[in-house]
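Sequential numbering from 2 applies to the sequence shown in the numbering used here. So the structure is just underneath, and the comments pick up after that.
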Amino acid sequence: MRLTRAALAVAATALTPALLLTAPAFAAGSSSAPATVTAPAATDDPGTPVDDMSEEELRIAILRIMADEDSGKGVTREANKALDGTVEDMRAFLKTGYRLAQAEDDSVAIVKLLANPDSGKRVIREVNELLDSNATPEELRAWLETGYRLAQAEDDSVAIVKLLANPDSGKRVIREVNELLNSDATPEELRAWLETGYRLAQAEDDRVAVARILGDPNSSSALRAAAEAVIDGTPEELRYFLEHGQYEVDA
Numbered sequence: 002m003r004l005t006r007a008a009l010a011v012a013a014t015a016l017t018p019a020l021l022l023t024a025p026a027f028a029a030g031s032s033s034a035p036a037t038v039t040a041p042a043a044t045d046d047p048g049t050p051v052d053d054m055s056e057e058e059l060r061i062a063i064l065r066i067m068a069d070e071d072s073g074k075g076v077t078r079e080a081n082k083a084l085d086g087t088v089e090d091m092r093a094f095l096k097t098g099y100r101l102a103q104a105e106d107d108s109v110a111i112v113k114l115l116a117n118p119d120s121g122k123r124v125i126r127e128v129n130e131l132l133d134s135n136a137t138p139e140e141l142r143a144w145l146e147t148g149y150r151l152a153q154a155e156d157d158s159v160a161i162v163k164l165l166a167n168p169d170s171g172k173r174v175i176r177e178v179n180e181l182l183n184s185d186a187t188p189e190e191l192r193a194w195l196e197t198g199y200r201l202a203q204a205e206d207d208r209v210a211v212a213r214i215l216g217d218p219n220s221s222s223a224l225r226a227a228a229e230a231v232i233d234g235t236p237e238e239l240r241y242f243l244e245h246g247q248y249e250v251d252a
């Protein structure tokens, strides 16, 4: 009896990863056998070859792919087509269609980086090189999994170093930048600092700057009142006050 998709989906979540893809090497001039696609078994067996899988095993393998949060629109679309098709359609998806659909999703993700205002020069350069090179599906995936991380880290390092030369950088920002540069920080630590740590360090420096306005005998009553209102505010409120608000008070 054929299991329903819902029942298969429940079963799929209890299994180990559905596919083990052995990708060809990227070295120039190298040759390798086509990727071997296997599916999990209930034992310590490394996996069941797709050609030997039953209909239910094929469905479970495809449903596991669909349940992966990293599966994009192309993979989901082709997986649904396979599930609605014949046993051979499902087998073909697992053997070749999945790889091509993943490449389609990866290409879209890579192109989107060109329009991302946070993409730095190194990321943009490597994206353009990939798009100009007719990269294989495996090369696209490898870049997203490792190359993008390293290119982003280089751009993040440049952005962090630039803060040292920024006259608006305060003591806390400068101190944390130097600590990062002296700590051999990982790409993830660089990104995390730019996304959250920098904001908090900047807020501390901004709060000090607002406090100085309060202590300046030349500050007007209106400016002091505005500074008092914002000194316990969010990092964004502090920054706006220093960049714009303080000049609007006495305008």
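The beta-carbon is built from N, C-alpha and C at its ideal position, and this holds for glycine as well.
> If you draw a straight line from the C-alpha of E140 to the C-alpha of T97, how long is it?
Replying inline: Mapped onto the sequence shown, residue 140 falls at position 139. Mapped onto the sequence shown, residue 97 falls at position 96. Going from the Cα of E140 to the Cα of T97 covers about 16 Å.
> Does the Cβ-Cβ distance between L95 and V51 come in under 8 Å?
Replying inline: Counting from 1 along the sequence shown, the entry for residue 95 is found at position 94. Counting from 1 along the sequence shown, the entry for residue 51 is found at position 50. Yes.
> Mapping DSSP to helix, strand and coil, what is G1?
Replying inline: In the structure as shown, the chain begins at 2 and stops at 252. Residue 1 is therefore absent and cannot be evaluated.
> Ordered along the chain, which non-local residues of its own chain (more than five positions away) have a Cβ less than 7 Å from that of A83?
Replying inline: As a working mapping, residue 83 is identified with position 82 in the sequence shown. I63, D90, M91, F94 and G98.
>> Quick check on the burial criterion: 16 or more other C-beta atoms within 10 angstroms. Buried or exposed for S120?
In response: If you number the sequence shown from 1, residue 120 lands on position 119. When all chains shown are included, S120 counts as buried.
> Any idea what DSSP makes of D85, helix, strand or coil?
Replying inline: Counted from its first residue, the sequence shown places residue 85 at position 84. Three-state result, D85: helix.
> So what's N179 in DSSP terms, helix, strand or just coil?
Replying inline: For this step, residue 179 is matched to residue 178 along the sequence shown. It is helical.
> Taking three-plus beta-carbon pairs below 8 Å as touching, is the stretch 163–181 in contact with the stretch 193–202?
Replying inline: yes
>> Restricting to Cα atoms, I'd like to know which of V162, D169, A212 and E205 is closest to L191.
In response: Within the sequence shown, residue 191 is the residue found at index 190, counting from 1. The option with the nearest alpha carbon to L191 is V162.
> Do E79 and A102 have their CB atoms nearer than 8 Å?
Replying inline: As a working note, residue 79 is residue 78 in the sequence shown. As a working note, residue 102 is residue 101 in the sequence shown. Yes.
> Buried or exposed: D156, going by 16 or more other Cβ atoms within 10 Å of its Cβ?
Replying inline: If you number the sequence shown from 1, residue 156 lands on position 155. It is buried - the Cβ of D156 has at least 16 other Cβ atoms within 10 Å.
>> Please identify the residue among T137, R65 and V250 whose C-alpha is closest to the C-alpha of R100.
In response: One-based indexing of the sequence shown puts residue 100 at position 99. Comparing Cα-Cα distances from R100 to each of T137, R65 and V250, the minimum goes to T137.
> For E58, is the beta carbon positioned less than 7 Å from some heavy atom of the ligand FAD?
Replying inline: The ligand FAD is absent from the structure shown, which contains no ligands of any kind.
> How many whole angstroms separate the CB atoms of R142 and Q203, which I take to be in contact at a CB cut-off of 8 Å?
Replying inline: Along the sequence shown, read from residue 1 onward, the residue named residue 142 stands at position 141. Along the sequence shown, read from residue 1 onward, the residue named residue 203 stands at position 202. Rounded, the Cβ-Cβ distance is 36 Å, inconsistent with contact.
> Going by C-alpha distance, which of A186, T187, Q247 and L182 is nearest R213?
Replying inline: On the sequence shown, position 212 is the one that residue 213 refers to. Of the listed residues, the one whose Cα sits closest to R213 is Q247.
>> Assuming the contact rule is C-beta atoms closer than 8 Å, A210 and L164 should be a hit. Round their C-beta distance to whole Å, please.
In response: If you number the sequence shown from 1, residue 210 lands on position 209. If you number the sequence shown from 1, residue 164 lands on position 163. So it is not a contact: roughly 16 Å between Cβ atoms.
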